[in-house]
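Here is the structure we will look at, set down as structure tokens.
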Amino acid sequence: MKLALKQYLLFIFFGSLAACTSAPPPPPPLVEEPEVAVVEAEEVEEIEYGSFTEDQLYQTIVSELGAQRGDLEEAGDNYLDLAMETRDLGIVMRAVQFASANADINALMQLGLLWAEIEPDNPQPHLSLAFQFLENGNYSQALSHMARVIDLGGDMDFTALAARTGRLEPRDRQTLIENLRQLTREFPEQETIHLALVQLLAQNRQFDEALYEMQLVLQSIELTTNMVLLHGQILQNMNDTDGAIRVMRNGVQEFPDDGSLRLSYARLLIQDDRFEEAQEQFAIIVEKDPEDWETLYSITLLDMELENFDSAIVNLEKLIAVDQRFDESQYYLGYIYEQREDLGKAIEHYREVRIGTNNFLAAQQQATRHSIALGELEDAHAWLVRQSSGQRRLEILFTTIESSLLIQANYITEAKSLLDTALNRFPNESELLFARVLYHDSQGDQAGSEEDLRQIIRMQPDDSRALNHLGYMLADQTTRYEEALELAERAIAISPDDPCHYRYPRLGSIQNGAL
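Letter by letter, the sequence shown follows residues 8 to 522 of the working numbering.
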């Protein structure tokens with residue numbers, strides 16, 4: 008249980024929060040200037056139509072009327088042609104607007120290059136091109152245009168590059184690293200270039216260099232939460248967990264209201280088995296946001312890890328009351344009362360776990376186990392029947408679970424009766440037959456086991472489980488070694504990676520001719 012709790016606590020913080028998206032609004036009417044999706048372009052000045060040919064003027068009117076009717080794609084194509092033909096800045100800007108609305112990457116690339124030719128001293132077209140090349144995965148070209156934006160006096164966040172290069176081949180990333188190093192020399196005052204360099208070095212697992220560059224960055228750039236996270240991740244990847252924790256602790260002191268940073272710090276503490284310290288961080292988050300149910304759930308799991316069951320019960324009941332993590336909370340309440348040997352309450356909570364949820368089967372198994380332990384066999388059986396009513400596969404599964412638990416509790420006659428009744432309803436059902444094999448095994452009834460196993464094999468000749476079981480039984484309990492070897496070889500051919508094949512100590516001797 009402890010290992011499972013820790014794995015969950017780590018898992019929930021490794022995942023990233025997906026950004027919410029929504030459908031774009033309809034295109035604005037002609038009287039308004041549509042926004043450029045990729046760059047913040049200046050408002051397009053009123054187009055001077057006097058310099059156009061009659062055909063070009065006609066195309067602009069047709070395109071605008073088409074756009075008003077909602078045919079943005081055709082309008083975009085027409086404006087792209089007009090832009091290439093006229094090289095007029097107003098037309099180019101209008102074409103960019105339509106290409107952005109249509110998400111026409113190819114058109115945006117062509118228009119960006121044309122715009123840069125028309126206005127060579129304007130950083131905006133290079134900004135547009137930089138983002139288009141980033142989206143296309145052409146990072147070297149993107150970097151070139153990003154540098155040009157800076158060269159022309161614009162602003163550029165180079166960390167946008169690092170956000171897209173996580174899956175690059177190391178050699179390709181190394182090329183970008185060298186280019187960034189050159190840019191740090193050309194534009195030493197540009198903070199995001201240095202940060203992007205640190206990020207790419209870390210992505211390339213060049214942690215010593217990344218840490219060196221990070222330390223330079225920390226001396227010259229005002230600290231941000233992203234810098235704290237990056238610094239901590241580098242140290243963690245260098246197996247300096249204490250150093251990473253120290254950086255994160257200082258970070259949450261510097262940015263006490265940043266919940267994401269505090270969550271990351273708590274995750275790091277959990278990884279280092281510092282559960283009580285992690286719990287303190289979660290408590291701060293919940294104090295700031297009492298309805299942060301996921302964090303409250305995490306606190307509860309830590310309480311269980313530390314066996315603070317009284318506190319865990321309070322929080323689990325609170326989660327149930329607001330229908331948050333309902334099934335998990337019921338399951339863990341069952342577990343807590345089980346640990347306290349209050350089997351009645353454990354059964355009550357285990358049975359509250361709803362069908363279709365992750366812990367449903369485990370909860371029903373535990374509830375049945377405890378009901379049998381209390382001698383409440385009829386109640387246990389009736390509950391499983393109600394839960395599986397009308398669901399053949401679930402009824403069969405519950406029968407195998409119940410029979411196994413009855414055998415474990417030494418209710419042998421009841422287990423046999425349950426299985427025989429189920430097989431009368433579902434004759435030749437392999438799972439029920441195998442469950443009865445386990446019953447026969449528990450009673451030392453070799454003939455009964457063999458009969459049911461051979462019935463399974465007749466119905467399902469490729470059932471490696473039955474082949475293995477029968478082969479092992481014959482090798483272990485009889486002198487029918489050749490027959491056992493044949494069964495084992497069939498099982499191995501069907502399922503060569505099954506670890507059950509290593510249960511045949513005598514068959515190696517058969518193969519070597521010793522028996």
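Each residue gets a CB set at the ideal place from its N, CA and C atoms; glycine is no exception.
Note that the structure is predicted; figures quoted are calculated from it, not measured.
Report task. Let me know if Y479 comes out buried or exposed under the rule of 16 or more other beta-carbons within 10 Å of its beta-carbon. Result -> buried
Query raised in the report: Rounded C-beta distance between A482 and A491? I'm assuming under 8 Å.
Result: 4 Å
Query raised in the report: Using the C-alpha atoms, what's the distance from F405 back to G363?
Result: 14 Å
Query - Nearest to P468 (by Cα), restricted to the options A498, E457, A442 and E489 - result: A498
Query raised in the report: Roughly how many angstroms lie between the CA atoms of I277 and D504, to the nearest whole one?
Result: Distance between the alpha carbons of I277 and D504 is about 35 Å.
Query - Residues near I550 in its chain [Cβ-Cβ closer than 6 Å; skip 5 each side] - result: The displayed coordinates of the chain run from 8 to 522. Any statement about residue 550 would go beyond what the structure contains.
Query raised in the report: Quick one: is S172 buried, meaning 16 or more other Cβ sit within 10 Å of its Cβ, or exposed?
Result: Checking the displayed sequence, the identity of residue 172 turns out to be Thr instead of Ser. Classification of T172: buried, given that the 10 Å Cβ count is 16 or more.
Report task. Could you tell me whether the stretch 326 to 334 touches the stretch 343 to 355, where touching means 3 or more Cβ pairs closer than 8 Å? Result -> no
Query raised in the report: Are L218 and M255 touching if we call contact CB-CB under 8 Å?
Result: no
Query raised in the report: From this set, L275, E436, L268 and E229, which residue's C-alpha is nearest L242's C-alpha?
Result: L275
Requested in this report: Specify the secondary structure class of A90 as computed by DSSP and reduced to three states.
Outcome: If DSSP states are grouped into helix, strand and coil, A90 belongs with the helices.
**Report entry** Helix, strand or coil at L477 [DSSP, three-state]
**Finding:** DSSP places L477 in helix when its eight states are reduced to three.
Report task. Look at the Cβ atom of L121, then the Cβ atom of M91, and state whether they are nearer than 8 Å. Result -> yes
Report task. Give the DSSP-derived three-state secondary structure of S502 in the structure shown. Result -> coil
Query raised in the report: Alpha carbon to alpha carbon, how far is D128 from E301?
Result: 51 Å
**Report entry** Cβ-Cβ separation, F262 to L270 (assumed contact under 8 Å), whole Å
**Finding:** Contact doesn't hold; Cβ gap of about 12 Å is too wide.
Query raised in the report: What number of angstroms, rounded off, separates the C-alpha of D215 from the C-alpha of Q222?
Result: 11 Å
**Report entry** Assigned secondary structure, R178 (DSSP; H/G/I helix, E/B strand, else coil)
**Finding:** helix
Query - Nearest residue (CA-CA) to D282, options D299, D296 and L309 - result: The residue you asked about is not Asp; residue 282 is Phe in the sequence shown. Answer by Cα proximity: L309.
Query raised in the report: Secondary structure at A359, three-state DSSP: helix, strand or coil?
Result: For the record, residue 359 in the displayed sequence is Glu; it is not Ala. In this structure, E359 counts as coil in the three-state DSSP scheme.
**Report entry** Identity of the residue in L425, I228 and E193 nearest E402 by Cα
**Finding:** L425
Query raised in the report: With L96 and I125 assumed to form a contact (beta carbons below 8 Å), what rounded beta-carbon distance in angstroms separates them?
Result: 6 Å
Query - Residue interval of the alpha helix (DSSP H) (run including E196) - result: Unbroken run through E196: none, as it is neither H nor E.
Query raised in the report: According to DSSP, is P263 helix, strand or coil?
Result: Three-state result, P263: coil.
**Report entry** 6 Å CB neighbourhood of L238 in its chain, flanking five on each side removed
**Finding:** Reading off the sequence, residue 238 comes out as His, not Leu. Cβ neighbours of H238 beyond the five flanking positions: M221 and V254.
Query - Range covered by the alpha helix (DSSP H) that runs through N322 - result: F316 to A328
Query raised in the report: Is A389 buried or exposed, if buried means 16 or more other CB atoms sit within 10 Å of its CB?
Result: Burial call: exposed.
Query - Sub-8 Å separation of I320 and L340 beta-carbons - result: yes
**Report entry** DSSP three-state assignment for A167, whether helix, strand or coil
**Finding:** helix
Query raised in the report: On the premise that N366 lies in contact with E335, defined as a C-beta separation below 8 Å, what is that separation, rounded to the nearest angstrom?
Result: 7 Å
Query raised in the report: Rounded to whole angstroms, how far is the Cβ of I157 from the Cβ of F194, which I believe are closer than 8 Å?
Result: 5 Å
Query raised in the report: Based on Cα-Cα distance, which residue from I343, K295 and I291 lies nearest to E312?
Result: I343
Query raised in the report: What are the boundary residues of the alpha helix (DSSP H) that A374 is part of?
Result: From DSSP, the alpha helix (DSSP H) with A374 extends over F367 to A380.
Requested in this report: Taking G455 as part of the alpha helix (DSSP H), name the residues at either end of that continuous run.
Outcome: Q453 to M466
Report task. Inspect the beta-carbon positions of P177 and N211 and report whether they are closer than 8 Å. Result -> Note that the C-beta distance between P177 and N211 is below 8 Å.
Requested in this report: Using alpha carbons as the reference points, say which of T182, Q139, R192 and N85 lies closest to A167.
Outcome: Q139
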